[in-house]
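Following the working numbering, the numbering of the sequence shown begins with 6 at its first residue and continues without gaps.
Here is the structure we will look at.
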Amino acid sequence: MFAPHAGLPFVGIPTFAGVPHVSLEDAWRADAAVIGVPYDFAVGFRPGARFAPRAIRDSSMRYPISAGPMWLGDINRYLYESAIVVDVGDVDIVQLEYEESFRRITESIRALRAHDAIPVVLGGDHSITYPVIRGFDGAEPLHIIQFDAHLDYLDFRSGTRYSNSSPFRRIQESGRVKSITTVGLRGIRTSPDAYRDATAAGNTLIWASDVEDHGIEWVTRQFPKGAFCYVSIDIDGLDAAIAPGTGSPEPGGLTFRALQRMLRWIADNTTVVGFDLVEVSPMVDPTGMTSLVAAHIVVEFLGMVLSARRQQDAQ
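Here it is in C-alpha cells:
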C-alpha cells in the first residue's frame, strides 16, 4: 500500500491546479472545465505557445484547488468553496490544417457548454479565440473584454485572415458579440487601419497609458456592467518585465495588480461565461515566471468568478 503524496507541487501528474482529469465523452458535472489548445501556427513573430498549456498546468500545481478553499485575504473572501472544477485535457490539433483545428476547438467548446461548465481555455496563440467564440452559438450575445497590447483587428496578415492578428475582427464579423472592449493597448506597431476600423465598429479601446492616467475605477466604468461577458487575456497585456515569455512582448504594459483589480470587478459585476489566457511562450522564458504568473491569473480569476456566482445564488 503506497502512502499518498503530501501535495507537493512537483509530485504527481500535472492537471490544472491538481483537479480531476475527465473525458469530454464521459458523463460528469462541474462548475468549470479547463481545456488546453496547443496551437501556435498563426503567430507572426516568436513561436512556442503550443507548449503553454503543458507549462501552465505544471506551474498551476503550485495552487492546488483540491487542497481546500483559497483565501483572497484583502477582500476577506474564499475561492473555490464547494466548487467543482475538472480538466478535460487538450484539443487534438491537426498541424498545418487550421480549418480542421478550428473546427475541433469549436466542437470542444460546444461539448463543454453541453456539460454546463464554464470553459477555461489555455492557449495557444490568440487566433484560437475566434473558434472558441464560435462554440457559444445559441448563447446570449456576448460582450468581450480583451486584455492585450495589440488590437488583433487586422483584416489580413501574411496572406491569411486567420492569424493571431485578426481574431477579434473575425469575431465581430460573425455577429456573435454585442461589444468588444480592449484594455492595455500600446506599442509603435499599432496599425492605423485596424485602429480606425475597430473604432468605427464601436469598440472601446483603452490604452495602457489610460489605465495609468485615469485609474482603475475610470477603466471599469467603461466595462459593460451586468452583461454576459467572455474575457480574453493575452499575457502580453502585462508589462514584459512581469511576463517576458511571450511571442510579441511590448514594454510599458499593465501591472499585475492593475489586471487583478480589473478582473475582480468583472467577476463581481458581470456574468462571465468563459475566458481564455493566451500567448505564453515558455521557451523564451527560462525562469518559468511567465507560466507561473499565467497559472496564478487563471486560478485566481476562475476562483473570483465561481465565488461571485456562489454569492449571487445565495442572495
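Heads up, the beta-carbon is just placed ideally off N, CA and C, and yes, glycines get one too.
Checklist entry - Who are Gly-129's beta bridge partners in DSSP? => result BP columns for Gly-129 are empty, so no partner.
Checklist entry - Nearest to Pro-44 by alpha carbon, out of Phe-50, Ala-54, Ala-35? => result One point to set straight first is that residue 44 is Tyr, not Pro, in the sequence displayed. Selected option, being the one with the closest Cα: Ala-54.
Checklist entry - Is the beta carbon of Leu-159 sitting closer than 8 Å to the one on Leu-190? => result no
Item to check | Inter-residue spacing [alpha-carbon to alpha-carbon] between Arg-82 and Pro-69 | outcome: 17 Å
Checklist entry - Would you say the stretch 20-37 touches the stretch 51-67, given that touching needs at least three Cβ pairs under 8 Å? => result yes
Next on the checklist: Restricting to Cα atoms, I'd like to know which of Gln-177, Val-90, Arg-269, Asp-31 is closest to Arg-139.
Outcome noted: Gln-177
Item to check | alpha helix (DSSP H) runs contained entirely in the stretch 236-285, provided each spans 4 or more residues | outcome: 261-274
Item to check | First through last residue of the alpha helix (DSSP H) which encompasses Leu-307 | outcome: 294-319
Checklist entry - Hey, would you say Phe-306 sits closer than 8 Å to Tyr-235, going by beta carbons? => result no
Checklist entry - Do you know offhand how far Val-126's Cα is from Asp-218's? => result 32 Å
Checklist entry - Nearest-angstrom Cα distance between Ala-299 and Arg-201? => result 31 Å
Checklist entry - By the 10 Å Cβ neighbour count, where 16 or more other Cβ atoms means buried, how is Asp-241 classified, buried or exposed? => result buried
Item to check | Host alpha helix (DSSP H) of Trp-223 (start-end) | outcome: 221-225
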